[in-house]
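Each remark here refers to the structure printed beneath this line.
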Amino acid sequence: MGNLTLERISKSYGERRVLDELGFEVGEGELFGFVGSNGAGKTTTMRIVLGVLAADSGTVRWGGTPLDEDARREIGYMPEERGLYPKMKVREQLVYLARLRGRSAQDADRATDEWLERLGVAERGGDEVQKLSLGNQQRVQLAAALVHDPKILVLDEPFSGLDPVAVDVMSQVLRDKSAEGVPVVFSSHQLDLVERLCDRVGIIRGGRMVALGTTAELQEQGQAQLLCRVEGAADGWADAVPGVLAREGDLFTLAPDADEQVLLRAALAAGRVREFSLRRPTLTELFRDVVTGEKA
Amino acid sequence: MNSLTEVRLIAVRELDRLRSKMFVISTAVMMVLVAGLLIGLKLLGGSATKIGFVEEGFAGQVTAVATAMKLDVEKQTVPSQKEGERLVLEGELDALVLDGPLRMVVKGEPDEQLEAALSALGQQSALNAELVKAGADPAQVNQAVAGASVEVVSLEGSDEQRETRLGLAMALAVLLFIMLQTSGILVAQGVVEEKSSRVVELLLSSVRPWQLMAGKVLGLGLLGFLQMGLVVAAGVGAQLATGALDLPGGDLTGTVVWSLVWFVAGYTLYALLYAAVAATVSRQEDIGGVSAPIQILLMGGYFLCFTLVPADPDGTLVRILSFVPVFAPLLMPIRAVYGAPLWEQLASIGVTLVVIAALVWLAGRIYANSVLRTGGRVSLKEAMRAGD
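First to last, the protein sequences are chains A and B.
Letter by letter, the first sequence follows residues 1 to 296 of this note's numbering.
Letter by letter, the second sequence follows residues 1 to 388 of this note's numbering.
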């Protein structure tokens, strides 16, 4: 076991720089959420970790040593482009994939049965993959990432296309693997899920890591807002209050040095105050800020 | 894990096709065709002439003369002349031979060779009778006469042999062409299947591109070799049973050995080409277009086998072309039918192996640079240049 570390990874396609000195670390047993818009560089990053793509510069380390071919076989990978042999039987295919990653025939057999059972597709083991429903194909795809008992998990959009039950199964598997001490990296556009599951989150934009930390840390970095709901107040009651930078309905953004008590007094004067609270931004809001806010 | 272990695992997965109906049926059909061709040739070619005799004692002499004249006869004793004539009329017998004076009863026109043989026999007994009268020993005279036969030196072999060689060469050309073509296409389809199903990314997170390509080429090659071996074995079996092909044993053995050797060399060469071009496309329906140049080369060799080789199997042009590695896998085994010299076979194999070695590098590079690019077609120039 060990931490998975990406150090200053850069990659260009011709003139286009896809990754620009990207770096982050995922600790043992840590669930790391990797978010960013389409084309930000998430898939490229994961492919580089897996050695499917070569970086122009930078190093991927595991437990301090650069990942080599043998170490890469210990990664469980779910590519963004899902794919299995359509005409190969589920069970044979999983055994084959486990053996390609260096597991013995017995280990591969045992792990295949175990995961098919656990993911609820045991009775489909003898069927060709193409005969399965899309949902079940996704489960087999997850099994393909887990069947060799990986020491690192790298999953590209593991939740996309899953029904709510499968989302729960997937979440549980990710928690279980991280509880075993496996560093888990996954990308997702479902930010509520990332917020709920992940210990730490990295937001990538234009090939650079623009925000990195626990959800709480990121929220601290983001601008807090005040929720102030006043009954019976005239529309423009807060226009003249000093320190208010912006207002969206009942949500107020104050200048960093402003005193929220001034706003409260103005509210009390304007009508009956029903709600007055500090509101931390959600990950979705942070993401929107980070991704659209600053220009590169 | 040893990197060859993965190549072996990948090859073994390809061998799974052994269980497919397609493989079993196509192999069986080819085996039956080859064996059937030889058995049919035997049945059509030399059915024995059936001769009936009333007395068994006289039959031996007739057979001896017929054999001396290379005539294939089958003797049958009949109870009476009348019964013999009935069998001749019914077509059961080709001729009924009667003694003293020597007579030959046939249905319509007599078999010319048989007539000649019997005439010779008649003349022989007349001569023997005169020799005895003159006080000489017929056996001694006959021995002296038999020793005076003419020795034949054929420069091109008999017409019959030339026809046999031509038939064998054509059948072999068809077999090799079909085997090389289908095995090569199987490689191309396998490569594209992995691309179109996207499983290739998962595979390449476990193994290197060269291992994937090598395993596939090796596995499908073993499959093709097994199929080729079974078809050739069916042919050898039928030949041993019937002796349908009347050619020198050395030429036949050479043909079998070189067919198998050249199948392996030709398959490797063409499979690498197919794997490389197939990696540049993502859909099965694009294989045809992208592999057209390879198919043209293969077909070119095939047509040379039909046009150039039979006309002049040892001509300068044929000899030059059979050293060109893309044509050699078809031309050299066909030339083996005509007994091409060993050194030419070995030299041509050598040239082909050198080209295969270069292709391993080239195809490996094109494959590695193209196999993960899905979507549009990757141009060969791009595939050669891109350095991942």
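Backbone N, C-alpha and C define an ideal beta-carbon position, used for all residues, glycine too.
Quick caveat, the model's predicted, so the values are computed rather than measured.
>> What does DSSP give as the partner residue(s) for Phe186(A) in the beta ladder?
In response: Gly33(A) and Leu155(A)
> In the structure shown, what three-state DSSP assignment does Gln61(B) receive?
Replying inline: helix
>> With a threshold of 8 Å between beta carbons, is Glu285(B) in contact with chain A?
In response: no
> Beta-carbon separation of Val232(B) and Ser197(B) under 8 Å?
Replying inline: no
> Should the stretch 217–231 of chain B be called in touch with the stretch 305–314 of chain B, which here means at least 3 C-beta pairs below 8 Å?
Replying inline: no
>> Please report the straight-line C-alpha distance between Asp414(B) and Val191(B), rounded to a whole angstrom.
In response: Since the first residue of chain B shown is 1 and the last is 388, residue 414(B) is not available in this structure.
> Which word fits Ile10(B), buried or exposed, when buried means at least 16 other C-beta atoms lie within 10 angstroms of its C-beta?
Replying inline: buried
> Over what stretch of residues does the alpha helix (DSSP H) that includes Leu254(A) continue unbroken?
Replying inline: Taken as a continuous stretch (DSSP letters only), Leu254(A) belongs to no alpha helix (DSSP H), being part of the beta strand (DSSP E) at Leu251 to Leu254.
> In whole angstroms, what is the alpha-carbon distance linking Asp388(B) and Leu53(A)?
Replying inline: At Asp388(B) the pLDDT is 43, less than 50, meaning the model places this residue with poor confidence; the figure from the coordinates comes in the next sentence. Distance between the alpha carbons of Asp388(B) and Leu53(A): 7 Å.
>> Against chain B, does Arg61(A) count as a neighbour if the rule is that its beta carbon must be under 8 Å from one of theirs?
In response: no
>> Would Thr352(B) and Pro325(B) be called neighbours here (beta carbons separated by less than 8 Å)?
In response: yes
> So, is the C-beta of Pro86(A) closer than 8 Å to a C-beta in chain B?
Replying inline: yes
> In this structure, what does DSSP give as the bridge partners for Val230(A)?
Replying inline: Val273(A)
> According to DSSP, which residues form a beta bridge with Glu248(A)?
Replying inline: Leu251(A)
> Interface residues of chain A around Glu6(B) at Cβ under 8 Å?
Replying inline: Leu100
> With a cut-off of 8 Å, does the C-beta of Arg73(A) fall near any C-beta of chain B?
Replying inline: yes
> So, is Ala144(B) buried or exposed, given that buried needs 16 or more other C-beta atoms within 10 angstroms?
Replying inline: exposed
>> For Leu33(B) and Tyr85(A), what's the separation of their Cα atoms in angstroms?
In response: 34 Å
> What is the rounded straight-line gap between the Cα of Thr5(B) and the Cα of Phe23(B)?
Replying inline: 26 Å
> What in chain A is Cβ-close to Glu201(B), meaning under 9 Å?
Replying inline: Arg47, Leu50, Val52, Tyr77, Pro79, Glu80, Glu81 and Gly83
> Hey, out of Asp107(A), Val290(A), Pro242(A) and Gly207(A), whose CA is closest to Asp257(A)'s CA?
Replying inline: Pro242(A)
> Nearest to Gln138(A) by CA position, among Ile152(A), Asp127(A), Val154(A) and Phe159(A), is which residue?
Replying inline: Phe159(A)
> The alpha helix (DSSP H) spanning Leu222(B) covers which residue range?
Replying inline: Pro209 to Thr242
> Apart from the five residues on each side of it in sequence, which residues of its chain come closer than 8 Å, Cβ to Cβ, to Ala98(A)?
Replying inline: Asp107, Ala108, Ala111, Thr112, Val147 and His148
> Rounded C-beta distance between Leu330(B) and Phe225(B)? I'm assuming under 8 Å.
Replying inline: About 17 Å separates the two Cβ atoms, so there is no contact after all.
> In chain B, which residues lie less than 8 Å from Leu116(A) when you measure between Cβ atoms?
Replying inline: Neighbours of Leu116(A) on chain B: none; closest Cβ ~17 Å, over 8 Å.
>> I'd like to know whether the C-beta of Leu9(B) is nearer than 8 Å to at least one C-beta of chain A.
In response: yes
>> Tell me the residue span of the alpha helix (DSSP H) that contains Met384(B).
In response: Leu380 to Arg385
> Looking at chain B, which residues of the stretch 130–158 of chain A have a Cβ within less than 7 Å of any of its Cβ atoms?
Replying inline: Ala144
> So which of Gln345(B), Ala129(B), Thr374(B) and Ile320(B) has the shortest CA-CA distance to Thr280(B)?
Replying inline: Thr374(B)
> For the beta strand (DSSP E) that contains Met78(A), what are its first and last residues?
Replying inline: Ile75 to Met78
> According to the neighbour-count rule (16 or more other Cβ atoms, all chains shown, within 10 Å of its Cβ), is Lys177(A) buried or exposed?
Replying inline: buried
> Within 10 angstroms of its Cβ, does Val354(B) collect 16 or more other Cβ (buried), or is it exposed?
Replying inline: exposed
> Where does Val201(A) sit, in a helix, a strand or coil, going by DSSP?
Replying inline: strand
> Can you tell me whether DSSP reads Asp192(A) as helix, strand or coil?
Replying inline: helix
> Applying the criterion that 16 or more other CB atoms from any shown protein chain within 10 Å of the CB defines a buried residue, is Pro183(A) buried or exposed?
Replying inline: buried
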